[in-house]
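As you go down the protein sequences, you meet chains L and X in turn. Counting in numbering that gives the first Met the number 0, the final residue of the first sequence is number 296, and the numbers go up one at a time with none missing. Counting in numbering that gives the first Met the number 0, the final residue of the second sequence is number 650, and the numbers go up one at a time with none missing. Below is one structure, written out as structure tokens; the observations come after it.
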Amino acid sequence: MEYIAIVLANIVAILIIAPIIDGIERKIKAKLQCRKGPPILQTWYDLVKLFRRPSIVTEEYSLAYVISPYIIFANMTLALALVPSFTRISLSFFGDIIVLVYLIASSSIFLAIGSISSGNVFATIGANREISLATLSKLLMALVLATFATLKRALTLGSIFPIIPPYTLSAIISIILFAIIAYIDCYKLPFDIPEAEPEIIDGILVEYSGKSLGVLKYSTYLKRILLFTIIVDLILPRNIPTLLLPISYFTFLLALSITYVCVETYFGRLRIDQALKFMKTMVPILLVVWFIAYLHY
Amino acid sequence: MAEYAILAPIVLFVLGAVISSVFKDKLGNYISSFFSLISSLIICYLSLSVLFYNKVLELQLRLIPEITKLPLPINLNVIYIKIDFLSAFFALILGIVGFASSIYGISYINRYLHKQHLGFYGLNYASFLCLMYLVFIIHDIFWFIVFWELMTVTSQFLVSYEKEKIVARKAAYKYFCMTKAGSEVIIVSALIILIILSGMQTSFDTVKNYTEKLIVENTILANVLLAMLFIGFSVKASLVPFHTWLPDAHPEAPSNVSALLSGVMIKTAVYMFFRVFYFFFKPTIYWGYIVATVGTITLFVGTMYAILQTDSKRLLAFHSIGQMGYIVLALGASMVLYSMGGESYAILASAAFAASLYHALNHAMFKSLLFLTAGSVIYRTGSRNLNVLGGLAKFMPVTAISALIASLSISGIPPFNGFVSKWLIYSSTIPSFTPLTIYGVVALFISAVTAASFVKYFTTLFTKPSALEFKDIKEVPTVMLFSQVFLAVICTILGIYPVLPLTIISPISKLLFPLGDILSYVKILPGIALLKVGFVSINSPLIIAVSLTLISSVTAALLPHRVKKFSVWSCGVSFRKYLMNMPADSYFKPFEESFGEIYSTGKFLHKVLVEDFIRNYLFSSRVLAKITENFAAMLTLFVLIIILMLLLHLG
Numbered sequence: 000m001e002y003i004a005i006v007l008a009n010i011v012a013i014l015i016i017a018p019i020i021d022g023i024e025r026k027i028k029a030k031l032q033c034r035k036g037p038p039i040l041q042t043w044y045d046l047v048k049l050f051r052r053p054s055i056v057t058e059e060y061s062l063a064y065v066i067s068p069y070i071i072f073a074n075m076t077l078a079l080a081l082v083p084s085f086t087r088i089s090l091s092f093f094g095d096i097i098v099l100v101y102l103i104a105s106s107s108i109f110l111a112i113g114s115i116s117s118g119n120v121f122a123t124i125g126a127n128r129e130i131s132l133a134t135l136s137k138l139l140m141a142l143v144l145a146t147f148a149t150l151k152r153a154l155t156l157g158s159i160f161p162i163i164p165p166y167t168l169s170a171i172i173s174i175i176l177f178a179i180i181a182y183i184d185c186y187k188l189p190f191d192i193p194e195a196e197p198e199i200i201d202g203i204l205v206e207y208s209g210k211s212l213g214v215l216k217y218s219t220y221l222k223r224i225l226l227f228t229i230i231v232d233l234i235l236p237r238n239i240p241t242l243l244l245p246i247s248y249f250t251f252l253l254a255l256s257i258t259y260v261c262v263e264t265y266f267g268r269l270r271i272d273q274a275l276k277f278m279k280t281m282v283p284i285l286l287v288v289w290f291i292a293y294l295h296y
Numbered sequence: 000m001a002e003y004a005i006l007a008p009i010v011l012f013v014l015g016a017v018i019s020s021v022f023k024d025k026l027g028n029y030i031s032s033f034f035s036l037i038s039s040l041i042i043c044y045l046s047l048s049v050l051f052y053n054k055v056l057e058l059q060l061r062l063i064p065e066i067t068k069l070p071l072p073i074n075l076n077v078i079y080i081k082i083d084f085l086s087a088f089f090a091l092i093l094g095i096v097g098f099a100s101s102i103y104g105i106s107y108i109n110r111y112l113h114k115q116h117l118g119f120y121g122l123n124y125a126s127f128l129c130l131m132y133l134v135f136i137i138h139d140i141f142w143f144i145v146f147w148e149l150m151t152v153t154s155q156f157l158v159s160y161e162k163e164k165i166v167a168r169k170a171a172y173k174y175f176c177m178t179k180a181g182s183e184v185i186i187v188s189a190l191i192i193l194i195i196l197s198g199m200q201t202s203f204d205t206v207k208n209y210t211e212k213l214i215v216e217n218t219i220l221a222n223v224l225l226a227m228l229f230i231g232f233s234v235k236a237s238l239v240p241f242h243t244w245l246p247d248a249h250p251e252a253p254s255n256v257s258a259l260l261s262g263v264m265i266k267t268a269v270y271m272f273f274r275v276f277y278f279f280f281k282p283t284i285y286w287g288y289i290v291a292t293v294g295t296i297t298l299f300v301g302t303m304y305a306i307l308q309t310d311s312k313r314l315l316a317f318h319s320i321g322q323m324g325y326i327v328l329a330l331g332a333s334m335v336l337y338s339m340g341g342e343s344y345a346i347l348a349s350a351a352f353a354a355s356l357y358h359a360l361n362h363a364m365f366k367s368l369l370f371l372t373a374g375s376v377i378y379r380t381g382s383r384n385l386n387v388l389g390g391l392a393k394f395m396p397v398t399a400i401s402a403l404i405a406s407l408s409i410s411g412i413p414p415f416n417g418f419v420s421k422w423l424i425y426s427s428t429i430p431s432f433t434p435l436t437i438y439g440v441v442a443l444f445i446s447a448v449t450a451a452s453f454v455k456y457f458t459t460l461f462t463k464p465s466a467l468e469f470k471d472i473k474e475v476p477t478v479m480l481f482s483q484v485f486l487a488v489i490c491t492i493l494g495i496y497p498v499l500p501l502t503i504i505s506p507i508s509k510l511l512f513p514l515g516d517i518l519s520y521v522k523i524l525p526g527i528a529l530l531k532v533g534f535v536s537i538n539s540p541l542i543i544a545v546s547l548t549l550i551s552s553v554t555a556a557l558l559p560h561r562v563k564k565f566s567v568w569s570c571g572v573s574f575r576k577y578l579m580n581m582p583a584d585s586y587f588k589p590f591e592e593s594f595g596e597i598y599s600t601g602k603f604l605h606k607v608l609v610e611d612f613i614r615n616y617l618f619s620s621r622v623l624a625k626i627t628e629n630f631a632a633m634l635t636l637f638v639l640i641i642i643l644m645l646l647l648h649l650g
């Protein structure tokens, strides 16, 4: 029972800090662009406002359009239960890595089904881009997680974290590659192709409003935190005392998000084919890294 | 006496086939469907009783009771029927899918009324089901080949049922030629077994004694036999490169027959793979790798081509190839992992063994459901073209929900059945830390591609606005709805309670798998089956997932919420409703383009292996025909051969 309570407390803590981290990112981005920027809690205010607004649905809509935001949210919450964050305790079982990949991918699929079901053609274009990116990123994610599993000879997230006390070449390269994949999966600027505002007017989100939009935005923040958490777990040393763990976790998270937002500010958006080509070039590199890890044993 | 119950479905099928062939209109279909329905239920009962009570049914039937032995080298008088656990498992698949598709056919086939001869359908349908049943339960090499060939013949008539369509006739012809070529290889290997090894004894049990010794005594002959059998059955299983008949043949049949073809008929080959690799011979690591590699290539190629399709049934047919790849990959992986030895590999091997059978069962359920939903759309709109269809969820809500469940199942999204079997495949291959890891990763990637193409299938049929206007579309008749809902419920139950299928797989593993009962290696929880490696979590993560989803959706729905309806936003300009549309052609275009080299390689291989090969073959056969027509040339050849033989004899 205690175990479940700790996992739940972890999730609640992340649910609270996820919009705050986004607020900090917005502030830093504004500063880098010589703007004053909104207050740090602005993302929370936005969310609360969205939750209180009435929704507008399309005439063409079907059930999938209404329920998919909630399914995505549930998927992300469950995924957060699988990774250790503020404490080392998480929902852990043999093969939870695969479930993690599955949850990330299936949230993309529900997002696509939901937005196409709104009947808007911009949403359809956005969903197509979303699926194209998500499919290829699932390949990359599966490869890099297979590399981690091969390095540690385990298929449980708890046993593969942290990956780098043995400072092998394949471990370091695979962490860097995972950071890049996570960056792509966050849909940060060079890769925010599915919801490109100037081109396809927010793409997948175009017909969502009010509460549904709020839930979708919230899930996006949670997804970012989830991917950040995995990176932090990969590098956070194991011998940190339990009391210091939440603080060090949060510091690492903040450092990572600041790095990412700095990168983001200096990029324009890629075209979808450029992004896919970029992701495809990573496949052979990942295969080589996996092979090194495989031989290393 | 209980043994004679085995014959009851056969008698009913034959009765249905014979009586229905007399009638030309509706009655022909009704009689055949009714008899098939009853006998499918009997098959379900028989196979479940074999699997749950662990009682093998056998029957030796004499064709002519007075004579014990005919004066022939093979004892043709005796038909040896035996429902062991493996046969029962596959017969159960046949029973369930046969039941659903027979009920569906009662209404569906009436769309061919006054256009086709319905009695001809009835004859072929009932005898096709009967022959599949016989293929699964027969325990005798000679009669197996007879029924195997007859099964191809009857299904070929069903593929070309709309005989005015040249596409259907061509597809049936291609299907027949390719499967026949495959079965020639099987016949030759059966002859080798009968003549060289078993001394004309045809029973599976007797042959098993000889073949088991062979792998030690004469490795070359054993490998040749394995290769021939693998190639022969690969054609029926539509493994790459022998898959080209399937996407042509399966869409052309009536939809409920497509469900049977994809759900059950290609499983006869999987059944024989299990017989060959686990029953007749013992698994070796080389054959394991060969089978797993072919499986991985098959799943990759099948699904990557499926994502291109814009014809609803053709898309599903390509996915049949892809999912067969998953089944065969799991079979190969279990052979490899078993041969590696050791405790941890034993766990992975048994999980892969279970995954293969489990996925065969699951594939039968969701693929036949998908074909039925595609059939319902054809029944109401008359179209298979995903480019023009759309928005049917409003008119056909039950069909849409069944299609969604089937799509989620085949994409492997929890809590539906595809997830559990695919999960077992990944969690047995990826942690093996052999080249199988990469096969597992490819399978994981392909499952995302599968999901992508089912986003296309579901949204273009049911939720996206259509490109044409469809008026007066109603939900399909109740009988058709019943079989769809029936299969959708089975998909959900098999996903939430993996304990049911794994319990019926367990006697098969006791019979065939050298490591014994699979249940001792997996911990079964609702919605997931975990391998007993390291520690196993106390809670099923799925329960939490489902409860989270339910709680969040319910709370979201219950919270007071004002909703306004507006037309679709189109930049403030009013377009014609059907003009602003994204056709299925342009779905995932960038993704397809980024994998362009795969498709161009496929094109090149098709040109070299199929077109050039056929052209050269036809050319050489034409030349040969000219020579044989020429009397002088034949005479010269004859004289030359005689001289050559004399020379050889003298020298």
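Where is the CB? At the ideal position from N, CA and C, for every residue including glycine. If you're wondering where the values come from, they're calculated on a predicted model, not measured in any experiment.
Could you spell out where the beta strand (DSSP E) holding residue i opens and where it closes?
{"i": "Arg656(X)", "result": "Chain X is shown only over 0 to 650; residue 656(X) falls outside these bounds and no answer can be derived."}
What is the DSSP secondary structure of residue i, reduced to helix, strand or coil?
{"i": "Thr167(L)", "result": "coil"}
{"i": "Ser202(X)", "result": "strand"}
{"i": "Lys137(L)", "result": "helix"}
{"i": "Asp83(X)", "result": "coil"}
{"i": "Asp471(X)", "result": "coil"}
{"i": "Ala528(X)", "result": "strand"}
{"i": "Asp584(X)", "result": "helix"}
{"i": "Asn76(X)", "result": "coil"}
{"i": "Asn384(X)", "result": "strand"}
{"i": "Lys164(X)", "result": "coil"}
{"i": "Ile489(X)", "result": "helix"}
{"i": "Asp310(X)", "result": "strand"}
Quick one: using the 10 Å Cβ neighbour count with 16 as the cut-off for buried, is residue i buried or exposed?
{"i": "Glu610(X)", "result": "exposed"}
{"i": "Thr178(X)", "result": "buried"}
{"i": "Arg237(L)", "result": "exposed"}
{"i": "Ile108(L)", "result": "buried"}
{"i": "His138(X)", "result": "buried"}
{"i": "Tyr120(X)", "result": "buried"}
{"i": "Thr627(X)", "result": "exposed"}
{"i": "Thr241(L)", "result": "exposed"}
{"i": "Leu243(L)", "result": "exposed"}
{"i": "Asp83(X)", "result": "buried"}
Have a look at residue i and residue j and give me their C-alpha separation to the nearest angstrom.
{"i": "Ile537(X)", "j": "Leu529(X)", "result": "Summary for Ile537(X): the model assigns pLDDT 48, below 50, so the residue's position carries little reliability; its value from the coordinates is reported in the next sentence. Going by the C-alpha atoms only, they are around 11 Å apart."}
{"i": "Ser197(X)", "j": "Val206(X)", "result": "6 Å"}
{"i": "Leu79(L)", "j": "Gly417(X)", "result": "24 Å"}
{"i": "Tyr111(X)", "j": "Ser159(X)", "result": "13 Å"}
{"i": "Ala316(X)", "j": "Lys455(X)", "result": "15 Å"}
{"i": "Phe290(L)", "j": "Ser338(X)", "result": "23 Å"}
Who does residue i pair with in a DSSP beta bridge?
{"i": "Lys564(X)", "result": "Val56(L)"}
{"i": "Asn208(X)", "result": "None; Asn208(X) has no bridge partner."}
{"i": "Asn127(L)", "result": "Beta-bridge pairing links Asn127(L) to no other residue."}
{"i": "Val521(X)", "result": "Leu530(X)"}
Hey, is residue i's beta-carbon within less than 8 Å of any beta-carbon in chain A?
{"i": "Arg87(L)", "result": "The structure shown has no chain A; the protein chains it does contain are L and X."}
Give the range of the alpha helix (DSSP H) segment to which residue i is assigned.
{"i": "Thr627(X)", "result": "Phe612 to Glu628"}
{"i": "His362(X)", "result": "Glu342 to Thr380"}
{"i": "Ile140(X)", "result": "Ile140 to Val158"}
{"i": "Met227(X)", "result": "Thr218 to Ala236"}
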